[in-house]
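Taking it in order: structure first as C-alpha cells, then the write-up.
Numbering (the numbering used here), first residue to last: 512 to 555.
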C-alpha cells in the first residue's frame, strides 16, 4: 500500500483534527465552569 496522499488532504486533516482538539478543551472548560456556577447557585 504505497499510495501517497495529496499534501492538501493531509494538511486539511491535520487542521480539522487540531480544530476539534481545541474545541474539545474549550467545551470541557465551559462545562466545568457551568457546573461550578450551578453548584454555587444551588448553595445560595
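We put the CB at the ideal spot given by N, CA and C, even for glycine.
Fair warning: this is a prediction, and the values are worked out from it, not measured in the lab.
Alpha carbon to alpha carbon, what distance is there between residue 547 and residue 532?
Here the question's residue 532 lines up with position 21 in the chain shown. Here the question's residue 547 lines up with position 36 in the chain shown. Between residue 532 and residue 547, the C-alpha separation is close to 23 angstroms.
Return the CA-CA distance between residue 527 and residue 554, expressed in angstroms with no decimal places.
Here residue 527 is taken as the residue at index 16 of the chain shown, counted from 1. Here residue 554 is taken as the residue at index 43 of the chain shown, counted from 1. Looking at the two C-alpha atoms, the distance is approximately 41 angstroms.
Distance, Cα to Cα, residue 537 vs residue 530?
As a working mapping, residue 537 is identified with position 26 in the chain shown. As a working mapping, residue 530 is identified with position 19 in the chain shown. Near 11 angstroms, if we compare the C-alpha coordinates of residue 530 and residue 537.
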